[in-house]
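Comments concern the structure below.
Number of protein chains: 2
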Amino acid sequence: MRTEAPTILDVARLAGVSTATVSRTLSSPDRVSEQTRVLVLDAVASTGYVANEMARNLRKKTSNSIGVLAPDLSNPFFSFIIAGIEQICGPRGFGVFVTEIGNTPNAKNKVVNMLASARADGFIVLDGMLDLSLLKARGNLEKRAPIVSACEWPSDETAPSVTVDNVGGSMQAVRHLAAMGHTKIGHITGPKENVLTAARIKGFKAGLESCGLTYDDSLIIEGDFSLDSGRLAAEKWLSMSDRPTAMFCASDREAFGFISRLAKAGVRVPEDVSIIGFDDIEVAAFFVPALTTVSQPRIDIGRAATQMLFGLIDGEIAPEDKRPQLDVKLVVRESTAPPSQDA
Amino acid sequence: MRTEAPTILDVARLAGVSTATVSRTLSSPDRVSEQTRVLVLDAVASTGYVANEMARNLRKKTSNSIGVLAPDLSNPFFSFIIAGIEQICGPRGFGVFVTEIGNTPNAKNKVVNMLASARADGFIVLDGMLDLSLLKARGNLEKRAPIVSACEWPSDETAPSVTVDNVGGSMQAVRHLAAMGHTKIGHITGPKENVLTAARIKGFKAGLESCGLTYDDSLIIEGDFSLDSGRLAAEKWLSMSDRPTAMFCASDREAFGFISRLAKAGVRVPEDVSIIGFDDIEVAAFFVPALTTVSQPRIDIGRAATQMLFGLIDGEIAPEDKRPQLDVKLVVRESTAPPSQDA
DNA sequence: TATGAGCATGTAAACGATTACATGCGGGCT
DNA sequence: AGCCCGCATGTAATCGTTTACATGCTCATA
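Going down the list, the sequences are from chains Y and E. Heads up, the first sequence is in the numbering used here, so the first residue is 1 and it goes up one at a time. Heads up, the second sequence is in the numbering used here, so the first residue is 1001 and it goes up one at a time.
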């Protein structure tokens, strides 16, 4: 019962050829003769040989894998994105490394190390907060492994990224509300420093403006995308003297938290308030009421980011293709309705 | 602007020592003199040297990473588990490779290759359907990289796994319902072939029995854990002539789908039916109504599985520790209530 | 019949680390 | 003084591939 893995040398000996021939047979079969090809392939089959990735990678100076840096792996929002990434990587034989970078002080170090240690040929970062500039400082690490941001994007406006039309989506959301007759529309934001937060606020304002409504600071409630921040926002809303008749939430989870808290207070959606979310996570369609929301193509984001990353790795991306923006679409369900008369 | 990574040789030259000394300085600093230590460390700092993982791994015959095999990465259920896995791996400097194995015919091959190619030092498999026996056949691959199952478990009852008390949790669920006065309790199952499905049905029956209730086949509706299967189940329920007053769902998502469909039909939860889920995913507490459910410690599952895997990798697991079963607990919220009088 | 092209294959040098073994040196012991 | 031990370091083998280069063979061409 041998537990040691067979090496290319074992195969070579069994087939009676050199290791070079075995390697060639496996990587470019048409460079060896028919005769030796079957010899080698038989030997491979009978030994169960599979090339050792570490040796191969060392020699070829690759790692055959990419890294995904997420601020918080437990956030289900990322699962579809990661699934999209894997859909592209899998068939290529690329491994997908996931890491949580959180916001610990040594997170930066972790990233620098990953980059520098040649563990990955490229990176997809899902966290706009990560300061990519320190990689430039540190010996131009980006040159070794390209980085593309997805969903969120770094402050450097030229870095490759695949994002979504956040301002357009937000505009659509408030225009939908306005079209239904709402004039007093509030917004629950994301966390203050987040780029998405800013973009969605921008879209919110633009939407208001395009409908002739004026922006009112007192209708903004700060959140952080989480369920619980939605709940907290609901408490603020309940305590308002002159409540907005519709709320645009920067995430579906905020919307759920909001609606949930309101339900406990006997406030009905959409009869008493209309709610719109952002993301269209799976459960949105099955919430009670089914949530009207701005749908992000999360799988596609993952796929597009990965494809771009491969383009960068292979050195074949034109500058103008480096910041694609995917479309979102408003999906209207049951959490929005015209404002009630007595409001 | 050098873009090539510095090697250990660059550091050695700069410090005026041999590569062996550099390596020693980095891996066991107390084996070199104070004097050369600072010399080397300075050189490391000024070159920005980070050891190449591929070379290190090749030499040490490790990969410094583990693989996670999931049936479906887009399923948010796994996100917390993966987060737990990363929490243990990160600090150890281990990489976490995620792969979707799906149920394509070549999935098995994919797994065999991952195992054999020395890409990972061990694996955590989240899919009970994966037939681990083929790894034994193929040259005893398990010997090279241990495998632990999490959540689900393989048919081989001796393989390492960390699971949860599925039958106990299910029992608790139905006992809670029975205690509230329900006598006609139904169950929406998971997919037929799944081990969890069987375990939860077993617990369901045991719970019934322990309360003196009798199991009735016609009260079982087949689902597959998904939101949509919950919706479908609701339609079956609506069409029943003599409806159960309470349903135990094999997953929270089934429960959401179920409740959501019922709401559209004007059926209220818990007034008209009581519902219990399983999993306690994040949104459960914020659903309307907040879902009573059996809570699984998903992060802990990930952590425990990883710790066990490391134990196996280091060869220090006693046989009796190989199949720990974590506790679940019923968390009672608002989707359950005593049956209404007119039922 | 040389000659060269082209093919199939072998030989051996990388890739960049770790580590067994060798070396030299200083100091404590008898 | 002689011996040995242990410390700090260096030398070089090794991990398992890929691939540049060398080799030898066959065949078409001049």
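Don't be surprised by glycine CBs; every beta carbon is placed ideally from N, CA and C. Everything numeric in this text was worked out from a predicted model, so none of it was measured.
Review point. Which runs of the alpha helix (DSSP H), 4 residues or longer, sit entirely within the segment 54-101 of chain Y?
Key: If one requires a minimum length of 4 residues, the alpha helix (DSSP H) runs lying completely within the segment 54-101 of chain Y are 77-92, in chain order.
Point to revise | Pick from E/Ile1301, E/Val1288, E/Leu1291 and E/Arg1268 that is closest to E/Ser1340, judged by C-alpha positions | key: If we check each option's Cα against that of E/Ser1340, E/Arg1268 comes out closest.
Check your understanding: In this structure, does DSSP put Y/Thr36 in helix, strand or coil?
Key -> The three-state secondary structure of Y/Thr36, taken from DSSP, is helix.
Review point. The alpha helix (DSSP H) with E/Leu1009 in it runs from where to where?
Key: First-last of the alpha helix (DSSP H) with E/Leu1009: Ile1008 to Ala1015.
**Study point:** Beta-carbon proximity list for E/Ile1200, same chain, < 6 angstroms, skipping 5 on both sides
**Key:** Sequence check: residue 1200 of chain E is Arg here, not Ile. Taken in chain order, the residues that qualify are Asn1166, Ser1170 and Ala1250.
Exercise for review: Pick out whichever of Y/Arg175, Y/Arg231, Y/Gly181 and Y/Thr197 has its Cα sitting closest to the Cα of Y/Ala206.
Suggested key: Nearest of Y/Arg175, Y/Arg231, Y/Gly181 and Y/Thr197 to Y/Ala206, Cα basis: Y/Arg175.
Review point. For Y/Asn109 and chain E, any beta-carbon pair shorter than 7 angstroms?
Key: It does not: the Cβ of Y/Asn109 has no partner Cβ on chain E nearer than 7 angstroms.
Exercise for review: Answer with yes or no whether the minimum CB distance from E/Ile981 to chain Y is below 7 angstroms.
Suggested key: In the structure as shown, chain E starts at 1001 and stops at 1343, and residue 981 of chain E therefore has no counterpart that could be examined.
Review point. Who are Y/His187's beta bridge partners in DSSP?
Key: Within the DSSP bridge table, the entry for Y/His187 names Y/Ile220 and Y/Phe248 as partners.
Point to revise | C-beta atoms of E/Ser1074 and Y/Phe80 nearer than 7 angstroms | key: Cβ atoms of E/Ser1074 and Y/Phe80: closer than 7 angstroms.
Check your understanding: Going by alpha carbons, who is nearest to E/Arg1354 out of E/Lys1264, E/Asp1217 and E/Met1240?
Key -> Absent from the model: residue 1354 of chain E. The displayed extent of chain E is 1001 to 1343, so no value can be given.
**Study point:** Y/Phe258, DSSP secondary structure in three states
**Key:** If DSSP states are grouped into helix, strand and coil, Y/Phe258 belongs with the helices.
**Study point:** Selection of the segment 1094-1118 of chain E by Cβ proximity to chain Y, strictly under 7 angstroms
**Key:** Listed by position, the residues of the segment 1094-1118 of chain E near chain Y (Cβ gap below 7 angstroms) are Gly1095, Val1096, Phe1097, Val1098, Thr1099, Glu1100, Asn1113, Ala1116, Ser1117 and Ala1118.
**Study point:** Straight-line gap, E/Arg1364 to E/Lys1184 (C-alpha atoms, nearest Å)
**Key:** Given that chain E is displayed from residue 1001 to residue 1343, the structure contains no residue 1364 of chain E and the question cannot be resolved.
Practice item. Identify whether E/Val1125 lies in helix, strand or coil by the three-state DSSP scheme. Key: Reduced to three states, the DSSP call for E/Val1125 is strand.
Practice item. List the DSSP bridge partners of Y/Asp279. Key: The partner list for Y/Asp279 (beta bridge, DSSP) reads Y/Ser295.
Review point. Which of the three DSSP states, helix, strand or coil, is assigned to E/Ile1313?
Key: DSSP places E/Ile1313 in the helix class (H, G or I) of the three-state scheme.
Check your understanding: How big is the Cα-Cα spacing for E/Tyr1049 and Y/Asn113?
Key -> A straight line joining the alpha-carbon of E/Tyr1049 with that of Y/Asn113 spans about 10 angstroms.
Check your understanding: Is the segment 1304-1311 of chain E in contact with the segment 1144-1161 of chain E, if contact means three or more CB pairs nearer than 8 angstroms?
Key -> Yes, the segment 1304-1311 of chain E is in contact with the segment 1144-1161 of chain E.
Exercise for review: May I ask you to check if the CB of Y/Pro319 is nearer than 6 angstroms to at least one heavy atom of the ligand NAP?
Suggested key: You won't find the ligand NAP in this model; it holds no ligand whatsoever.
Check your understanding: Under 7 angstroms between C-beta atoms, does Y/Val363 make it to chain E?
Key -> Because chain Y here runs from 1 to 343, residue 363 of chain Y falls outside it and cannot be looked at.
Review point. With a CB to CB cut of under 8 angstroms and the five nearest residues on each side skipped, what residues in its chain are close to Y/Val189?
Key: Per the sequence shown, residue 189 of chain Y should be read as Thr rather than Val. Excluding its 5 nearest sequence neighbours in each direction, Y/Thr189 has C-beta neighbours in its own chain below 8 angstroms: Thr197, Arg200, Ile201, Ile220, Ile221, Glu222, Gly223 and Ala250, listed in chain order.
Practice item. In angstroms with no decimal places, state the Cα-to-Cα distance between Y/Met344 and Y/Ile281. Key: Any property of residue 344 of chain Y remains undetermined from this structure, which presents chain Y solely from 1 to 343.
Point to revise | Contact with chain Y by E/Gly1302, beta-carbon distance below 7 angstroms | key: No, its Cβ sits nowhere closer than 7 angstroms to a Cβ of chain Y.
Check your understanding: Beta-carbon separation of E/Gln1296 and E/Thr1163 under 7 angstroms?
Key -> No. Outside cutoff.
Review point. Between E/Lys1110 and E/Ile1124, which are expected to be in contact by the criterion C-beta below 8 angstroms, what is the C-beta distance as a whole number of angstroms?
Key: Not really, about 15 angstroms apart at Cβ, beyond 8 angstroms.
Check your understanding: When Cβ atoms are compared, which residues of the segment 1259-1277 of chain E fall closer than 7 angstroms to chain Y?
Key -> In summary, the residues of the segment 1259-1277 of chain E whose CB is separated from some CB of chain Y by less than 7 angstroms are Ile1259, Ser1260 and Ala1263, in the order they occur in the chain.
Check your understanding: Would you say E/Ile1066 and E/Ala1107 are within 7 angstroms of each other, going by their C-beta atoms?
Key -> No, these two residues do not count as a Cβ contact at 7 angstroms.
**Study point:** Y/Ala318 (DSSP reduced to helix, strand or coil)
**Key:** Coil at Y/Ala318, not helix or strand.
Review point. Among the residues of its own chain, which have a CB less than 8 angstroms from the CB of Y/Leu141, if the five just before and after it don't count?
Key: Counting only Cβ-Cβ distances below 8 angstroms, and skipping sequence neighbours, we find Val112, Leu115, Ala116 and Leu135.
Practice item. Please look up how many angstroms separate the CB atoms of Y/Leu69 and Y/Asp156, rounded, as I've assumed it's under 8 angstroms. Key: With 8 angstroms as the limit, Y/Leu69 and Y/Asp156 do not qualify as a contact, their Cβ atoms being about 16 angstroms apart.
Check your understanding: Looking at the structure shown, is Y/Thr47 part of a helix, part of a strand, or coil, going by DSSP?
Key -> In the three-state reduction of the DSSP assignment, Y/Thr47 falls in the helix class.
Review point. Which of helix, strand or coil does DSSP assign to E/Val1195?
Key: Looking at E/Val1195 - three-state DSSP - the assignment turns out to be helix.
Check your understanding: Can you find a C-beta in chain Y that's less than 7 angstroms from the C-beta of E/Phe1256?
Key -> By this cut-off, E/Phe1256 is an interface position.
Practice item. Run the CB neighbour count on Y/Asp42, radius 10 Å, all protein chains shown included, and call it buried at 16 or more, exposed below. Key: Exposed: under 16 other Cβ atoms inside 10 Å.
Exercise for review: Closer than 9 angstroms, Cβ to Cβ, to anything on chain E: give me those residues from the segment 143-173 of chain Y, in chain order.
Suggested key: Using a CB distance below 9 angstroms, the part of the segment 143-173 of chain Y facing chain E consists of Lys143 and Arg144, ordered along the chain.
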